[in-house]
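Numbering (the numbering used here), first residue to last: 424 to 1053.
All C-beta atoms in this analysis are idealised placements derived from N, C-alpha and C, irrespective of residue type, glycine included.
Treat the numbers as computed from the prediction; the structure is a model and nothing was measured.
These notes concern the structure reproduced below.
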């Protein structure tokens, strides 16, 4: 069956389709029913089943002939170390850590916060929780103490698993003082903290609460897998909310096992035994789905990488890892590829490595601008597949199902909806619009397995955030269009569709035009308040390394490009060259924060910001051109 047949089968009879996909998972009690309608637009999948996530990711492979296969390859150019852990070794290590949690009083349903850098122990911690039915909540290592405290109070963990430090290219980030500060601030106090002491910066321990990693294992006995209901939460993952309060996305166990397993072959085109690499962090949803769970569930080897796309040590580090570890499919964010392109615009680093093992590059996390895709295609000589999804969905909403049927790539589109996702474009009144018409991207309910059923302890907020605007639909918060061939185009966040003198314009379309300028490595377009037109677009561009021309000249060329390719209707008159753009640690550009700076409004510092100093640079750049509102 090709894509069209599979998609239709999931649409016509989701019950039969998803029960069939469930047969690839090992069950304690197999589901007899796939979808459970809870009423009032709430749904659950496989709620009548019993299953264990760790068993499916680890133990079954040990029993079925993969004991000696590499499960995790850890590659840390920052420390200069590499380690390979087989499935048998992983089973032993995870069972021991799960036993350590049990010895600290953690039982099925208890929450455990994980605050770790990119080391194998971070994945082991997640699997150890899954092994005993504990609900993990990974918080990005190095997150500020107050933000960690908010998460501690929201999910009330029985225990916290942390490391003494994390490592950046030029500095050590001391995690333990941040953790101690967060626990001091939080109303809720964990019973115990299990601490991985890293040689680069060992930490002080709090007597009676903190237990060192190996000592904690010695206190317990290796734990067996505990069966949980299919609708038992596997984890809570906090995503930034528009109110500033984090939203705890819940992931049910059975649905995420079935869905992630399906994606590994059908989307990423890897077979059991193949090496898969997602260059992300365990703190993000990509790290959950495609470092920790997806590859291991499907019997793949997963790469845990502690480094950066550039600077550890150079712009060739991605290509070295792919070549050295025989990576078949590589998944990263467009911003990472843009960073490599900026440092190595001619792709000279690629030539140093044998990349014949690589089948394709997958991009997600931000819109993949055509210029970046074309550059990557040219220097790699491989297919480059953009795909679109969200923390809330846990895996691809729209993509190119390369392992099922590689569809023609249309640059600028993440291709087509995946089985189970009935994606529609709606106007403000909730009516479907025709092809090539910009509107709100919504997904007709129910969402497929593996997607969020609710928010942690916040059902009302779940409804308000996702279900209330378009009854019967999940509101994605993204704007875009679908063409006559059914290809989806993501143009901007709904908030980034700006209204210029009555014309609704996509900032994403303008960014595509700016990114096509030969000297522009990266860009962002925002809509700022304008007394005459309501909103006006403003562009920020970062230049490719080695460009040495007057900035005013490049800025004038950028303005002309928008006028020529989008038209005078855009009223685009202000382009500004800057050294860098403010981003989250996962690479998303903080456009909403940039708008507030440009409009002279107060704002809350985003919890996920990579480097707050960049905000001052943006403000200073606006001041140099005499922008009045700053």
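Exercise for the section: Report whether the distance from the Cβ of residue 429 to the nearest heavy atom of the ligand ADP is below 7 angstroms. Expected result: Inclusion of the ligand ADP in the displayed structure is not the case, the ligand content being empty and no account of it being possible.
Problem - Three CB pairs or more closer than 8 angstroms across the stretch 573-590 and the stretch 610-622 - result: yes
Practice task
Determine the direct distance from the alpha carbon of residue 700 to that of residue 742, and round the result to whole angstroms.
Solution key: Indexing the chain shown from 1 puts residue 742 at position 319. Indexing the chain shown from 1 puts residue 700 at position 277. About 12 angstroms.
Problem - Those runs of the alpha helix (DSSP H) which lie wholly inside the stretch 767-806 and span at least 4 residues - result: 793-803
Practice task
Measure the alpha-carbon distance for residue 460 versus residue 451 and round it to whole angstroms.
Solution key: Position 37 of the chain shown holds residue 460. Position 28 of the chain shown holds residue 451. One C-alpha to the other measures close to 23 angstroms.
Problem - Per-residue burial, residue 564 [other beta carbons within 10 Å of its own, 16 or more giving buried] - result: Taking the chain shown and counting its residues from 1, the one referred to as residue 564 is at position 141. Burial call: buried.
Handout entry: Residue closest to residue 998, alpha-carbon to alpha-carbon, out of 963, 749, 856
Key = As a first step, residue 998 must be located in the chain shown, where it is residue number 575. Closest in alpha carbon position to residue 998, among 963, 749, 856, is 963.
Handout entry: beta strand (DSSP E) segments (min. 3 residues) lying fully within the stretch 485-565
Key = 493-499, 504-509, 534-538, 558-561
Practice task
Quick one: which unbroken beta strand (DSSP E) runs of 3-plus residues sit fully inside the stretch 974-1006? Chain order, please.
Solution key: Runs of the beta strand (DSSP E) inside the stretch 974-1006: 997-1000.
Exercise for the section: Entirely within the stretch 638-703 and at least 3 residues each: give me those beta strand (DSSP E) ranges in chain order. Expected result: 656-662, 670-675, 698-701
Practice task
Using the Cα positions of residue 889 and residue 657, report the straight-line distance between them to the nearest angstrom.
Solution key: One-based indexing of the chain shown puts residue 889 at position 466. One-based indexing of the chain shown puts residue 657 at position 234. Rounded to whole angstroms, residue 889 to residue 657 spans 21 angstroms at the Cα level.
Handout entry: Spatially closest choice to residue 704 from 927, 929, 541, by CA coordinates
Key = Translated into positions along the chain shown, residue 704 becomes position 281. Among 927, 929, 541, the Cα nearest to that of residue 704 is on 541.
Practice task
Check the DSSP bridge columns for residue 1039 and list the partner residues they point to.
Solution key: Along the chain shown, one-based indexing puts residue 1039 at 616. BP columns for residue 1039 are empty, so no partner.
Practice task
With DSSP as the reference, please indicate the residues paired to residue 864 in a beta bridge.
Solution key: Position 441 of the chain shown, counted from the first residue, corresponds to residue 864. In the DSSP output, where bridge partners are listed per residue, residue 864 has 848.
Problem - residue 585 (DSSP reduced to helix, strand or coil) - result: To locate residue 585, count along the chain shown from 1; it is residue 162. Residue 585: strand per DSSP, three-state reduction.
Exercise for the section: Determine the burial state of residue 531: buried for a count of at least 16 other Cβ atoms within 10 Å of its Cβ, exposed for fewer. Expected result: Here residue 531 corresponds to residue number 108 of the chain shown, with the count starting at 1. Exposed, because fewer than 16 other Cβ atoms sit within 10 Å of the Cβ of residue 531.
Problem - Residue range of the unbroken alpha helix (DSSP H) whose run includes residue 598 - result: By one-based count along the chain shown, residue 598 stands at place 175. That run of the alpha helix (DSSP H) goes 598-608.
Handout entry: Per-residue DSSP class, three states only, for residue 630
Key = Position 207 of the chain shown, counted from the start, is the residue given in the question as residue 630. Reduced to three states, the DSSP call for residue 630 is coil.
Problem - Buried versus exposed call for residue 804 [16 or more other C-beta atoms within 10 Å across all chains shown] - result: For the purposes of this step, residue 804 is identified with residue 381 of the chain shown, where counting begins at 1. Residue 804 is exposed by the Cβ-count criterion.
Practice task
Just the C-alpha distance for residue 912 and residue 1028, rounded to the nearest angstrom, thanks.
Solution key: Start at 1 with the first residue of the chain shown, and residue 912 comes out as number 489. Start at 1 with the first residue of the chain shown, and residue 1028 comes out as number 605. Their backbone Cα atoms lie some 30 angstroms apart in a straight line.
Practice task
Could you spell out where the beta strand (DSSP E) holding residue 455 opens and where it closes?
Solution key: By one-based count along the chain shown, residue 455 stands at place 32. Per DSSP, residue 455 lies in no beta strand (DSSP E) segment and is marked neither H nor E.
Problem - Best match in 853, 993, 671 for proximity to residue 882 [C-alpha to C-alpha] - result: Here residue 882 is taken as the residue at index 459 of the chain shown, counted from 1. When each option's Cα is compared against that of residue 882, the closest is 671.
Problem - C-beta atoms of residue 447 and residue 689 nearer than 8 angstroms - result: Here the question's residue 447 lines up with position 24 in the chain shown. Here the question's residue 689 lines up with position 266 in the chain shown. Not closer than 8 angstroms, so no.
Handout entry: residue 818 in three-state terms, based on DSSP
Key = Along the chain shown, read from residue 1 onward, the residue named residue 818 stands at position 395. DSSP, read as helix, strand or coil, puts residue 818 in coil.
Practice task
Compute the distance between the beta-carbons of residue 646 and residue 525, then report whether it is under 8 angstroms.
Solution key: In the chain shown, the residue the question calls residue 646 occupies position 223. In the chain shown, the residue the question calls residue 525 occupies position 102. Yes. Within cutoff.
Practice task
Look at the alpha carbon of residue 901 and the alpha carbon of residue 1036, and state the distance between them as a whole number of angstroms.
Solution key: To locate residue 901, count along the chain shown from 1; it is residue 478. To locate residue 1036, count along the chain shown from 1; it is residue 613. Residue 901 and residue 1036: Cα-Cα distance of roughly 28 angstroms.
Problem - From 475, 682, 514, 560, residue whose alpha carbon lies closest to that of residue 871 - result: As a position in the chain shown, residue 871 is number 448, starting the count at 1. Cα-wise, what sits closest to residue 871 is 682.
Exercise for the section: Have a look at residue 928 and residue 950 and give me their C-alpha separation to the nearest angstrom. Expected result: The count along the chain shown starts at 1 and reaches residue 928 at position 505. The count along the chain shown starts at 1 and reaches residue 950 at position 527. About 10 angstroms.
Practice task
Within the stretch 896-927, note down every full beta strand (DSSP E) run reaching 3 residues or more, in order along the chain.
Solution key: 896-905, 911-916, 920-923
Practice task
Kindly confirm or deny that the stretch 457-473 and the stretch 485-497 touch, where touching means at least three C-beta pairs closer than 8 angstroms.
Solution key: no
Practice task
Taking all protein chains shown into account, decide if residue 612 is buried (16 or more other Cβ within 10 angstroms of its Cβ) or exposed.
Solution key: Stepping through the chain shown from its first residue, residue 612 is reached at position 189. The residue in question, residue 612, is exposed, as its Cβ has fewer than 16 Cβ neighbours within 10 Å.
Handout entry: Cβ pair residue 676, residue 709 closer than 8 angstroms
Key = For this step, residue 676 is matched to residue 253 along the chain shown. For this step, residue 709 is matched to residue 286 along the chain shown. For residue 676 and residue 709, no; Cβs fall outside 8 angstroms.
Problem - Per DSSP, the bridge partner or partners of residue 946 - result: Residue 946 sits at position 523 when you count from the first residue of the chain shown. In the DSSP output, where bridge partners are listed per residue, residue 946 has 964.
Practice task
Tell me whether residue 779 is buried or exposed, calling it buried when 16 or more other Cβ atoms sit within 10 Å of its Cβ.
Solution key: Taking the chain shown and counting its residues from 1, the one referred to as residue 779 is at position 356. Under this definition residue 779 is an exposed residue.
Problem - residue 466, DSSP secondary structure in three states - result: For the purposes of this step, residue 466 is taken as the residue at position 43 of the chain shown. Residue state for residue 466 is assigned as strand, using DSSP reduced to three classes.
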